[in-house]
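For reference, the structure is listed below as structure tokens.
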Amino acid sequence: MIYLKNREEIELMRESALMVSRTLAIVAREVRPGVTPLYLDKLAEEFIRDNGGVPAFKGYGNRNNPFPASLCISINEAVVHGIPTNTPLNDGDIISVDCGVKKNGFYGDHAYTFAVGEIKPEVQKLLDVTKECLYIGIEKMTSGNRVGDISYAIQTHAEKNGYGVVRELVGHGLGKNMHEDPEVPNFGHRGNGPKLKEGMVLAIEPMINMGTKNVKQLGDGWTIITADRKPSAHFEHDVAIIDGKPEILSSYAYIEEALASVVR
Ligand code: MG
Ligand code: MG
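Remember, the working numbering sits 1150 above the position in the sequence shown when you count from 1.
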């Protein structure tokens, strides 16, 4: 069942989404070689709680193996759902940082992939193209289009660049639940899937691999890695349809400002 949101609800969702954006900006200031993912996670959790939010990922999932942290930090060949560890980041790594917050009963859920120090040009291109895929997908989120129009646009741009599009994990509706209908795959056919309507809020999140589209899960029951161990990137925004057009509720402006202010 797809829950449509009214303007008031969308404004509350914007608040939750922007809290995630500001949390990711805190992380952006600290990403550098030698820093540990667990340290980034601690900063994020403190910021979220200090601002009246609840870290939505902590304790998420199966009772026997709940996710243990506030951030998913997925390094290099890790696609998503990486568990923060005490192993310091290395120069040349990429880390995808995904964060979820619940505030006023509504969830925000978005992600950014950061370069640690100097990365290879071909890895930078993977980041650039994955971010392009996100915005190209968002452009298709207009009333009257279908979910498949978003999916097709993302897949086409990724594959045109020779990249693999992950099949096992998809974007989703967002609201009073972190994962609502509809699913938003990053692959598919134009004109297929549920119709997009005023008041829909979707988390659009391309997960794009430098090599094969195939992935596997590590023994920790969470971390998804590429089958060929080549790098993977992940960018995610929360987007509402307002007046028939996509409006991005989250924002990378905070992150970009933070990255620009850091002397490296
Ligand atoms: Mg996410
Ligand atoms: Mg998501």
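Where is the CB? At the ideal position from N, CA and C, for every residue including glycine.
| Check | Outcome |
| --- | --- |
| Close beta carbons around residue 1185, own chain, < 6 Å, minus the five adjacent residues each side | 1239 |
| Nearest-angstrom Cβ-Cβ length linking residue 1344 and residue 1152, presumed shorter than 8 Å | 7 Å |
| Cα-Cα separation between residue 1213 and residue 1371, rounded to whole angstroms | 12 Å |
| Residue 1395 burial status per 10 Å Cβ neighbour count (16 or more: buried) | exposed |
| Cβ-based neighbour list, residue 1398, same chain, cut-off 6 Å, excluding 5 preceding and 5 following | 1387 and 1389 |
| CA-to-CA distance, residue 1404 to residue 1336, given in whole angstroms | 26 Å |
| Assumed close pair residue 1384, residue 1191 - CB separation to whole angstroms, cut-off 8 Å | Going by Cβ atoms, the distance from residue 1384 to residue 1191 rounds to 17 Å, so no, they are not a contact pair. |
| Any non-hydrogen atom of ligand 2 closer than 7 Å to residue 1231 Cβ | no |
| Per-residue DSSP class, three states only, for residue 1248 | strand |
| DSSP-derived helix/strand/coil call for residue 1271 | helix |
| Residue interval of the beta strand (DSSP E) (run including residue 1264) | 1256-1265 |
| Outcome for residue 1310 when other beta-carbon atoms lying within 10 angstroms are tallied against a minimum of 16 | exposed |
| Environment of residue 1406 [buried if 16+ CB atoms lie within 10 Å] | exposed |
| Residue 1355 beta carbon near ligand 1 (any heavy atom closer than 7 Å) | yes |
| Cβ-heavy atom distance, residue 1259 to ligand 2, below 7 Å | yes |
| Among 1362, 1321 and 1285, the one whose alpha carbon lies nearest that of residue 1353 | 1321 |
| Contact test: residue 1386 Cβ vs ligand 1 heavy atom, cutoff 7 Å | yes |
| Given 8 Å, three or more beta-carbon pairs between the region 1259-1270 and the region 1172-1188 | yes |
| CA-to-CA distance, residue 1378 to residue 1400, given in whole angstroms | 32 Å |
| Alpha carbon of residue 1412 to alpha carbon of residue 1232, nearest angstrom | 25 Å |
| Alpha helix (DSSP H) segment containing residue 1161, residue limits | 1157-1180 |
| Residue 1118 burial status per 10 Å Cβ neighbour count (16 or more: buried) | Absent from the model: residue 1118. The displayed extent of the chain is 1151 to 1414, so no value can be given. |
| Length of the line joining the Cα atoms of residue 1359 and residue 1227 | 8 Å |
| C-beta atoms of residue 1162 and residue 1236 nearer than 8 Å | no |
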